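Participant:
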Amino acid sequence: MKIDSSHFHRQHMGRLLYVGEYLKREGYNLNGTRFQHYLSIAERFLEVPELTTDEAWALVELSEMYVILKVSERYGCIGRAEISLCLKGAHSLDGEQLAGAGNKARNYCFQLYVASNLLVFGMEAEIPSHGSEADIRFIYDENSVPVECKRLFVEGGVEKSAKNACSQVSKRVAEGHFGIAAISLSREFWAVEKKAVMESVHDARFSVEQLYKRWRGILSRLLEKYPKVALIYINFQIPVVGPENLYSIYERKFFKTRDNYQLLPESGVAQHFIDAMMTLSLMEELHIDE
Numbered sequence: 042m043k044i045d046s047s048h049f050h051r052q053h054m055g056r057l058l059y060v061g062e063y064l065k066r067e068g069y070n071l072n073g074t075r076f077q078h079y080l081s082i083a084e085r086f087l088e089v090p091e092l093t094t095d096e097a098w099a100l101v102e103l104s105e106m107y108v109i110l111k112v113s114e115r116y117g118c119i120g121r122a123e124i125s126l127c128l129k130g131a132h133s134l135d136g137e138q139l140a141g142a143g144n145k146a147r148n149y150c151f152q153l154y155v156a157s158n159l160l161v162f163g164m165e166a167e168i169p170s171h172g173s174e175a176d177i178r179f180i181y182d183e184n185s186v187p188v189e190c191k192r193l194f195v196e197g198g199v200e201k202s203a204k205n206a207c208s209q210v211s212k213r214v215a216e217g218h219f220g221i222a223a224i225s226l227s228r229e230f231w232a233v234e235k236k237a238v239m240e241s242v243h244d245a246r247f248s249v250e251q252l253y254k255r256w257r258g259i260l261s262r263l264l265e266k267y268p269k270v271a272l273i274y275i276n277f278q279i280p281v282v283g284p285e286n287l288y289s290i291y292e293r294k295f296f297k298t299r300d301n302y303q304l305l306p307e308s309g310v311a312q313h314f315i316d317a318m319m320t321l322s323l324m325e326e327l328h329i330d331e
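Using my numbering, the letters of the sequence shown correspond one by one to residues 42 to 331.
In C-alpha cells form, the structure reads like this:
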C-alpha cells in the first residue's frame, strides 16, 4: 500500500541565515565548510534575487540544517558532535563521489532531519552514538523501534540503498518486532531531471510521482524479502523557483507498506510512524513561539 503526503514551504532567506547565526554563536568553525558556501548564497540572494540551479539545490541542504538546529535549540537532544558531522562533505551534488567519505555528512544530515521531524510532532525519539547502533530509535508500546536512514548519493542506486537499509533494520530487531527503513531520493530526482529546478509545485509534484512509479515494484519486493521492516519511507525535497524568483521547497513523503498492513502485526509501529511524519505543518510548528 502507498500512503503519501505532499506539501511545500516558501523559504525566507532571512530565516535560513539563522543557521549561520546559530553556528557562529555556538562557536562552530565554518571556514571552508559547505554551510559557509550555502550561507553566502542566501546572503547574496537577499541583495540580488537570482539563483543558478546548483545554488537552488544547495539551499535545500541549508533548509534541512535550519530544521535540525531549531529542533536542537528547542529539545536539546541533538548535540554538538552530531551537528559538527553535518558541516563536512562535498559542497555540491556534482561533487559527490561513489566512494567519497564526504558523502557521510549529507547522509547524517538526512538522519538528523528525520529525527527532527519525529521530535517536533511529539514522538519519543533518540539518536544513538554515531556508527554504533541504529540511526534513530523511537518508542512505541514500550518497545524501542530502529529507523535506518540512507541518502542516495549516486544515480541508479535506489534498489541498493533501500536494500541496505532494510537489511540493517532486520539485524536490529528480534523476531516478532519491526523497524523502519528511511530513504532520501532527492539526488535521484536531481540526476533523472538533469539537475533541473522546477518552475512550479505542479511540475514538481508530477515529476516526483512519475519517478516514484519506477520503484514501487522494487519496494514491494523488498518488503516481501525483509518481513521485519514495517514500512519503507521515501523522502523528496525539491527546489522550486517560480515567478520573480520566489524560492520554495516541495517536499513529498511516500510510505510504502504491505497491502492491508492495518491487519498485520506491524500495523501499530507503521501507523505510529506515519501519523507523525504525515503532518504538514513542520515550519509552522518550528515558528510557534515567534
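Backbone N, C-alpha and C define an ideal beta-carbon position, used for all residues, glycine too. Everything numeric in this text was worked out from a predicted model, so none of it was measured.
Answer yes if the region 216-230 comes into contact with the region 247-259, meaning at least three C-beta pairs across the two stretches below 8 Å, and no otherwise.
Facilitator: A contact exists between the region 247-259 and the region 216-230.
Participant: Starting from the Cα of residue 80, find the closest Cα among 307, 192, 56, 94 and give me that residue.
Facilitator: As a first step, residue 80 must be located in the sequence shown, where it is residue number 39. Looking at the Cα atoms, 56 is the closest of the given residues.
Participant: Between which two residues does the alpha helix (DSSP H) holding residue 151 run?
Facilitator: In the sequence shown, residue 151 corresponds to position 110, counting from 1. 144-161 is the span of the alpha helix (DSSP H), which, as asked, contains residue 151.
Participant: Alpha helix (DSSP H) containing residue 190: first to last residue?
Facilitator: Along the sequence shown, one-based indexing puts residue 190 at 149. No alpha helix (DSSP H) contains residue 190, which is instead part of the beta strand (DSSP E) from 184-192.
Participant: DSSP on residue 220, reduced to helix/strand/coil?
Facilitator: The count along the sequence shown starts at 1 and reaches residue 220 at position 179. If DSSP states are grouped into helix, strand and coil, residue 220 belongs with the strands.
Participant: Using the beta-carbon count (16 or more within 10 Å), is residue 169 buried or exposed?
Facilitator: Here residue 169 is taken as the residue at index 128 of the sequence shown, counted from 1. Under this definition residue 169 is an exposed residue.
Participant: Out of 184, 136, 220, 134, which one is the CA nearest neighbour of residue 175?
Facilitator: Position 134 of the sequence shown, counting from 1, holds the residue named residue 175. Nearest of 184, 136, 220, 134 to residue 175, Cα basis: 220.
Participant: DSSP on residue 169, reduced to helix/strand/coil?
Facilitator: Translated into the one-based positions of the sequence shown, residue 169 becomes position 128. Looking at residue 169 - three-state DSSP - the assignment turns out to be coil, as it is neither helix nor strand.
Participant: Look at the alpha carbon of residue 94 and the alpha carbon of residue 193, and state the distance between them as a whole number of angstroms.
Facilitator: The residue labelled residue 94 in the question sits at position 53 within the sequence shown. The residue labelled residue 193 in the question sits at position 152 within the sequence shown. If I take the Cα positions, the gap works out to 19 Å.
Participant: Going by DSSP, what residues sit across from residue 278 in a beta bridge?
Facilitator: For this step, residue 278 is matched to residue 237 along the sequence shown. Answer is 292, bridged to residue 278.
Participant: Check for me: the beta strand (DSSP E) holding residue 178 runs from which residue to which?
Facilitator: In the sequence shown, the residue the question calls residue 178 occupies position 137. 177-181 is the span of the beta strand (DSSP E), which, as asked, contains residue 178.
Participant: Counting pairs of beta carbons, one from the region 206-223 and one from the region 265-277, are three or more of them closer than 8 Å?
Facilitator: Yes, since at least three Cβ pairs between the region 206-223 and the region 265-277 fall closer than 8 Å, the two stretches touch.
Participant: State the Cα-Cα distance for the pair residue 286 and residue 239, rounded to the nearest angstrom.
Facilitator: Against the sequence shown, residue 286 aligns to sequence position 245. Against the sequence shown, residue 239 aligns to sequence position 198. About 11 Å.
Participant: With a 10 Å radius around its C-beta and 16 neighbouring C-beta atoms as the bar for buried, classify residue 66 as buried or exposed.
Facilitator: Position 25 of the sequence shown holds residue 66. Classification of residue 66: exposed, given that the 10 Å Cβ count is below 16.
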